[in-house]
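Numbering (the numbering used here), first residue to last: 687 to 832.
Where is the CB? At the ideal position from N, CA and C, for every residue including glycine.
And the structure:
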């Protein structure tokens, strides 16, 4: 279980809104060897917007491949693909069942024992009939495990 708080600005009015996203997820490792791991993640989000009265449900399915310490016995290549599916269509959610796809390629760099930096490229494709949108994103993440 988890929670995301997402502030955003609407293009039409420029007003700042907020989206609250409690979620539940399942993780399972389908391959785990010394040389590679494949993990599947299924996440169900309940999305509430500050200026809307309805709740949107979205399913996210992620598959992630890691190659532990494959580069110079230190750096870990990472590849993941994540599909987003709209399970219902309140007025503020587009009518497409497939919401977006995110493909990431990068490396994980150890900082300390349980801290990592992930650096890479994220291709985000949003299905927004009739104006689909592709974004090319430099992604930088700090992972702290306690």
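Out of curiosity, what's the CA-to-CA distance linking residue i and residue j?
| i | j | result |
| --- | --- | --- |
| residue 689 | residue 711 | 11 Å |
| residue 771 | residue 715 | 22 Å |
| residue 757 | residue 747 | 28 Å |
| residue 788 | residue 822 | 10 Å |
| residue 807 | residue 773 | 28 Å |
| residue 744 | residue 694 | 18 Å |
| residue 735 | residue 769 | 21 Å |
| residue 750 | residue 776 | 30 Å |
| residue 796 | residue 832 | 15 Å |
| residue 779 | residue 723 | 35 Å |
Residue range of the beta strand (DSSP E) that residue i falls in?
| i | result |
| --- | --- |
| residue 820 | 819–830 |
| residue 723 | 723–735 |
| residue 650 | In this structure the chain extends from 687 to 832, so residue 650 is not present and cannot be described. |
| residue 801 | 801–812 |
| residue 718 | 702–718 |
Do residue i and residue j have their C-beta atoms closer together than 9 Å?
| i | j | result |
| --- | --- | --- |
| residue 790 | residue 825 | yes |
| residue 760 | residue 815 | no |
| residue 741 | residue 733 | yes |
| residue 754 | residue 720 | yes |
| residue 697 | residue 713 | no |
| residue 813 | residue 794 | no |
| residue 829 | residue 804 | yes |
Rank the options by C-alpha distance to the C-alpha of residue i and give the top, closest one.
| i | options | result |
| --- | --- | --- |
| residue 691 | 807, 708, 819, 701 | 708 |
| residue 725 | 739, 738, 705, 767 | 767 |
| residue 687 | 717, 811, 731, 704 | 731 |
Taking 9 Å as the threshold (beta carbon to beta carbon), is residue i in contact with chain C?
| i | result |
| --- | --- |
| residue 794 | The structure shown has no chain C; it contains just one protein chain. |
Item checked: Any beta strand (DSSP E) of 3 or more consecutive residues that is wholly inside the stretch 748–793 -> 762–772
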